[in-house]
Amino acid sequence: MSLTRYAGAAAFMAVALLAVPLAAQEEGGELVQYHAMLADRFANPGWFFVDRGEALWKTPAGPKNATLEACDLGLGPGVVEGAYAQLPRYFADVDRVMDAETRIAWCRQELQGIPFEETAKKAFSKNRETSEMQDLVIYIAAMSDEMPIAMPTAHPKEQEAIELGKALFYRRASMLDYSCATCHSNDGARIRLQKLSNLEDPKQAGPVVASWPTYRVSHETVRTMQHRMWDCMWQMRFPDVAYGSDVTVALISYLTHMAEGEPMASPSLKR
Amino acid sequence: MKMVIKATLCTLGVGLAGLAEAADVSAEKVEALIEAAFAHAPAEVRGRVEQDETLRVCTAYRDNPPDDQWDAILEREKARIVYPADGVLMGDWKVALKEANNGYGWRMRDIPERVVGGNCYACHQLTEAEVGYGNLGPSLLGYGKDREIDEELIVATYNKIFNAQSVLPCSQMPRFGSNGFLTPEQVRDYVAMLLDPESPVNK
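Top to bottom, those sequences are chains S and P. Going by this note's numbering, the letters in the first sequence line up with residues 1 to 271, in that order. Going by this note's numbering, the letters in the second sequence line up with residues 1001 to 1203, in that order.
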């Protein structure tokens, strides 16, 4: 399985590097071929990151020289399978809602002794590089592959996170007066030639949310949902939003709720 | 214009009051979240996360403010329009056409010395030549063609670009001038790009 994946991924990368500029220049054949390659789940460099994440998860690290295997992602200590599909969720030990990334960063602090702030600083890699968090997050996501998104909503703080996220989705601010809804509440909308998903529509929100974290071809690395939130706000001319803040967790909660039932499809491949 | 928007919403069965209430419930909590999430932002940019009165109203009513708020926004935003010191409102369309294709500026770690662009093409079609345009805003192809380019049209065009909400409350278009994104001197170049008969927009 692993070997087949790697062969596919390597072949993909070799072809993709040639195919992207061709596809951009010409219509028809190359573009269709490129999209077909994008759709091949296992011809995806993201699987390299998954495997690296798995090794990181199981290797002792940090001041406490411990692994992350005892981390409770919501389904009990040590349970990684299916955990991502049921996040964000309320955690009694911190009395707040956490998404997958915030929880993993918290586990690094509790189990390995790596301060949350240190994790946050190094969470997003430069293009063509990766970070421990990117590897860890996509590993945990891949362990929910094909499982329907089922964020729990029984706890009042989970309901509140979804409501707050919705309010934030429509909140206009910063130098361009934009909200998330400015770009993501219309069918068939584009920025330049880039298609924008209408995230008010669960049918569109589902596949979008389920395909994060993703391997971004233009970044040549894995990007996560926290990065997506930060990146959108950066484009909207916001200051850098704090990693794992209640703002990003609430937005991710709302979007995940909109994607309820959609089978997870990470790693995916995006522009 | 207002009537049309309201009529459309009624057709869609959207309850304005319901939306406003839903947004109001958690407004204080939302602001507390925002404050915490940007507490470490540099002082010179932290203010960007806060809403002015106009954006507060637009957010509360999901961009469909009631009549009194509609009028209040028009009045408030009109008062915020600033014109170039020399009073000339038509600049250089060639400069603007470059900036229309430029999305640089005001993001964190953008270099302040570089030219800031209005990035018009992100949302608008402008010329036949550029096919990579977005569609969040209406096409501006031929905006000044076959029109009398009088003082009234020049001022109206300037006002729209400098502060879109001085014309249409809760417009999705940024208030480029009033927000300090573009200077008055840049805005007049954009006016020329839209109105000058020699501009490719009108060819």
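A virtual CB, placed ideally from N, CA and C, is assigned to each residue, including glycine.
In this structure, the straight-line span from the alpha carbon of Thr1127 (chain P) to that of Arg237 (chain S) is close to 27 Å.
Chain P has a Cβ within less than 9 Å of the Cβ of Leu193 (chain S). Around the beta carbon of Glu1148 (chain P), a 10 Å sphere encloses fewer than 16 other beta carbons of the protein chains shown; the residue is thus reported as exposed. Linking Leu1055 (chain P) to Ile162 (chain S) through their CA atoms gives a straight-line distance of about 22 Å. Minimum Cα-Cα distance from Pro239 (chain S) among the listed residues P:Phe1176, P:Trp1070, P:Ala1037 corresponds to P:Ala1037.
Only exposed fits Lys195 (chain S), as fewer than 16 other CB atoms lie within 10 angstroms of its CB.
In the three-state reduction of the DSSP assignment, Leu193 (chain S) falls in the coil class, being assigned neither a helical nor a strand state. Leu1168 (chain P) and Tyr1158 (chain P) have their C-alpha atoms some 14 Å from each other. For Ser1139 (chain P), there are no C-beta contacts with chain S under 7 Å, since the nearest C-beta of that chain is about 13 Å from it.
In terms of Cβ geometry, Arg108 (chain S) and Val249 (chain S) do not form a close pair [threshold 9 Å]. Minimum Cα-Cα distance from Ala83 (chain S) among the listed residues S:Met143, S:Val222, S:Leu68, S:Thr224 corresponds to S:Met143. At a cut-off of 9 Å between beta carbons, Met225 (chain S) makes no contact with chain P.
Ranking P:Pro1066, P:Arg1062, P:Tyr1121 by CA distance to the CA of Glu1130 (chain P) puts P:Tyr1121 first. When S:Lys58, S:Met98, S:Asp187 are compared, the shortest CA-CA separation from Gly244 (chain S) is found for S:Met98. At a cut-off of 9 Å between beta carbons, Tyr170 (chain S) contacts chain P.
Taking 9 Å as the CB threshold, Pro1112 (chain P) stays off the interface with chain S. Listed along the chain, the chain S residues whose CB falls inside 9 Å of the CB of Phe1181 (chain P) are Met175, Leu176, Arg237.
Around Asn1135 (chain P), the beta-carbon contacts reaching into chain S at under 8 Å are Gly188, Ala189, Arg190. With respect to the C-alpha of Gly53 (chain S), the residue from S:Pro152, S:Leu251, S:Ile252, S:Val222 having the closest C-alpha is S:Val222. A Cβ-Cβ distance of about 6 Å is found for the pair Arg1175 (chain P) and Asp177 (chain S), placing them in contact under the 8 Å criterion. Secondary structure of Asp1196 (chain P) (DSSP, three-state): coil. In this chain, the alpha helix (DSSP H) harbouring Lys166 (chain S) covers 156 to 169. Think of a sphere of 8 Å around the beta carbon of Phe1162 (chain P): no beta carbon from chain S falls inside it, the nearest being about 13 Å out. The beta carbons of Val1187 (chain P) and Ile1154 (chain P) sit about 11 Å from each other, so the pair does not count as a contact at 8 Å. In the DSSP annotation of this structure, Ser253 (chain S) is not part of any beta strand (DSSP E); the continuous alpha helix (DSSP H) holding it starts and ends at 246 to 258.
Sequence-ordered contacts of the segment 1089 to 1109 of chain P with chain S read Trp1106, Arg1107, Met1108 [C-beta pairs closer than 7 Å]. Here Lys270 (chain S) is bridged, per DSSP, to S:Arg216. Each residue's CA atom was taken as its position, placing Ala123 (chain S) and Thr224 (chain S) some 10 Å apart. For Lys166 (chain S), the number of other beta carbons within 10 angstroms of its own is at least 16, and it is reported as buried. Counting C-beta atoms within 10 angstroms of its own C-beta, Gly188 (chain S) has fewer than 16 neighbours from the protein chains shown and is therefore classed as exposed. Among the residues of chain S, those whose CB is under 7 Å from the CB of Ile1034 (chain P) are Val247, following chain order. Taking the Cβ atoms as the reference, Ala205 (chain S) lies roughly 6 Å from Leu255 (chain S), within the contact range of under 8 Å. Within its own chain, the residues whose Cβ lies closer than 8 Å to the Cβ of Leu87 (chain S), once the five positions on either side in sequence are excluded, are Leu73, Gly74, Met98, Asp99, Ala100, Arg103, Met151, Thr256, listed in chain order. Counting along the chain, the unbroken alpha helix (DSSP H) around Arg228 (chain S) starts and ends at 225 to 235. When DSSP assignments are scanned along the segment 1024 to 1083 of chain P, the uninterrupted stretches of alpha helix (DSSP H) that are 4 or more residues long and fall wholly within it turn out to be 1027 to 1037, 1043 to 1046, 1053 to 1060, 1067 to 1078. Rounded to the nearest whole angstrom, the CA to CA distance from Thr214 (chain S) to Arg89 (chain S) is 21 Å.
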